[in-house]
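Below: one structure, written as structure tokens.
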Amino acid sequence: MTPTGATGAGRGTVQIWFCLNEALDEATSTLLAGHWLDEHEREIAGRFLFERDRRQYLVAHALVRRVLSLQTGIPEAEATIWRSSRGRPFLQSPPHGRPHGPEAELDFNLSHAHGCNVVAVARDRRVGIDVERLDRGGERGLDWIVESFAPEERAHLATIAPGSRRDRATLRLWTLKEAYAKARGLGLGLPFDSFAFELAEDRGVLGFRPPEGDRADRWLFTELEPRPQVLVSLAVEKGADGSPPPDRLLIHDGFPWGRAAPREAELPTGHRALPALAGAAR
4 MTPTGATGAG
14 RGTVQIWFCL
24 NEALDEATST
34 LLAGHWLDEH
44 EREIAGRFLF
54 ERDRRQYLVA
64 HALVRRVLSL
74 QTGIPEAEAT
84 IWRSSRGRPF
94 LQSPPHGRPH
104 GPEAELDFNL
114 SHAHGCNVVA
124 VARDRRVGID
134 VERLDRGGER
144 GLDWIVESFA
154 PEERAHLATI
164 APGSRRDRAT
174 LRLWTLKEAY
184 AKARGLGLGL
194 PFDSFAFELA
204 EDRGVLGFRP
214 PEGDRADRWL
224 FTELEPRPQV
234 LVSLAVEKGA
244 DGSPPPDRLL
254 IHDGFPWGRA
264 APREAELPTG
274 HRALPALAGA
284 AR
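Position 279 of the sequence shown, counting from 1, maps to 282 under the numbering used here, and the rest follow consecutively.
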């Protein structure tokens with residue numbers, strides 16, 4: 004079995020770190036941010052009007068740098084993170100290579116919301132992740148989210164009576180769509196009505212209709228609930244250049260000061276390809 008400490012894990016392993024804001028007190032998160040974050044990150048942190056939003060940002064980005072350091076051996080403050088034109092972050096390899104860890108291309112993704120932070124890491128494949136609280140509906144409700152979905156998804160939600168069950172299905176679709184769009188590096192630039200998911204009753208993806216130019220069998224999707232009322236969705240590329248699909252998912256809990264053993268979860272084997280909508284150009 005491949006070790007999962009500072010040297011990272013094998014190419015077939017996907018890892019997730021889930022961390023609540025409360026894992027770092029305000030003084031510690033501010034101290035770490037002052038030492039670890041780069042100028043761009045510190046500038047963004049300074050723009051927040053509300054302290055809760057600033058703290059969320061600091062904890063999330065301290066978590067990212069700690070995880071990347073454990074995976075590559077690059078000190079937290081020395082990691083160079085560049086961002087695509089659509090804002091997706093990537094780790095830039097040092098000129099002389101990484102101190103330790105597999106030489107495979109490392110990909111990572113971050114999501115944070117409502118006091119929850121989650122980072123996903125994979126090698127030789129794209130990964131995207133999203134986190135939401137299932138009780139986030141509030142006074143505004145979730146109808147505005149549903150309006151952005153594909154026709155078959157809206158039709159499915161219309162069959163569910165208003166209430167917590169429909170809200171859960173709505174946020175399951177939303178986080179899956181976010182995770183997929185982030186894995187593709189397109190974010191909100193990818194219309195959410197251009198692709199669709201068919202959900203299992205409680206958890207899991209039965210079917211996927213990708214947007215034009217992609218294949219349904221290129222991706223695996225996983226749903227997790229690391230805390231009650233907290234939903235995490237993960238999109239993982241099966242493999243680039245003919246490499247085998249991932250076969251392990253390791254989940255770490257809390258801020259990674261040490262190297263506590265993660266728990267292992269099953270990765271799905273796949274899903275069916277949903278048919279294209281009638282009249283859609285494919």
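We treat Cβ as the ideally placed atom computed from N, Cα and C, and that holds for glycine.
Since this is a predicted model, take the numbers as computed values, not measurements.
When the Cα atoms are used, residue 258 and residue 60 turn out to be separated by approximately 14 Å. Rounded to whole angstroms, residue 31 and residue 211 show a C-alpha spacing of 42 Å. Of all C-beta pairs linking the stretch 117-127 to the stretch 66-83, three or more are shorter than 8 Å, placing the two stretches in contact. Residue environment: residue 21 is assigned as buried (16 or more neighbouring CB atoms within 10 Å of its CB, all protein chains considered). Per DSSP, reduced to three states, the secondary structure at residue 154 is helical. Comparing alpha-carbon positions, the option among 191, 177 and 215 lying closest to residue 201 turns out to be 177.
For the pair of segments examined, the stretch 245-257 was found not to touch the stretch 203-221: the number of CB pairs separated by less than 8 Å stays below three. When C-beta atoms of the stretch 130-139 are compared with those of the stretch 265-272, fewer than three pairs fall below 8 Å, so the two segments do not count as touching.
DSSP, read as helix, strand or coil, puts residue 16 in strand. Of all alpha-carbon atoms in 50, 156 and 241, the one lying nearest the alpha-carbon of residue 16 is that of 241. One alpha carbon belongs to residue 252, the other to residue 271, and they sit about 10 Å apart. For residue 42, the enclosing alpha helix (DSSP H) covers residues 42-48. For residue 203 and residue 36, the gap between their C-alpha atoms comes out near 40 Å. Runs of the alpha helix (DSSP H) spanning 4 or more residues and lying entirely within the stretch 130-214 occur at 146-149, 154-161 and 167-187, in chain order. The distance from the Cβ of residue 161 to that of residue 277 is about 18 Å, inconsistent with a contact at the 8 Å cut-off.
Counting only runs of at least 4 residues, the stretch 26-82 fully encloses the following alpha helix (DSSP H) elements, listed from N- to C-terminal order: 29-39, 42-48 and 54-75. For residue 224, the enclosing beta strand (DSSP E) stretches over residues 222-230.
Residue 110: member of the beta strand (DSSP E) spanning 109-116, first to last residue. With respect to residue 89, residue 189 sits close: the two C-beta atoms are nearer than 9 Å.
Residue 229 and residue 119 have their C-alpha atoms spaced approximately 10 Å apart.
In this chain, the beta strand (DSSP E) harbouring residue 120 covers 119-126. Separation of residue 261 and residue 146 (C-alpha to C-alpha, rounded to the nearest whole angstrom) is 42 Å. Looking at the DSSP output, residue 267 bridges to 253. Residue state for residue 276 is assigned as strand, using DSSP reduced to three classes.
Residue pairing of residue 85 in beta bridges, as defined by DSSP: 93.
Cβ-Cβ separation between residue 67 and residue 113: approximately 5 Å, consistent with a contact (criterion under 8 Å).
Between residue 174 and residue 238, the C-beta gap is not smaller than 9 Å, which leaves the two residues out of contact. For residue 238, the enclosing beta strand (DSSP E) begins and ends at 233-240. With a beta-carbon spacing of about 7 Å, residue 27 and residue 65 fall inside the 8 Å limit used to define contacts.
Cβ contact annotation for residue 280 (same chain, cutoff 7 Å, sequence separation greater than five): 154, in chain order.
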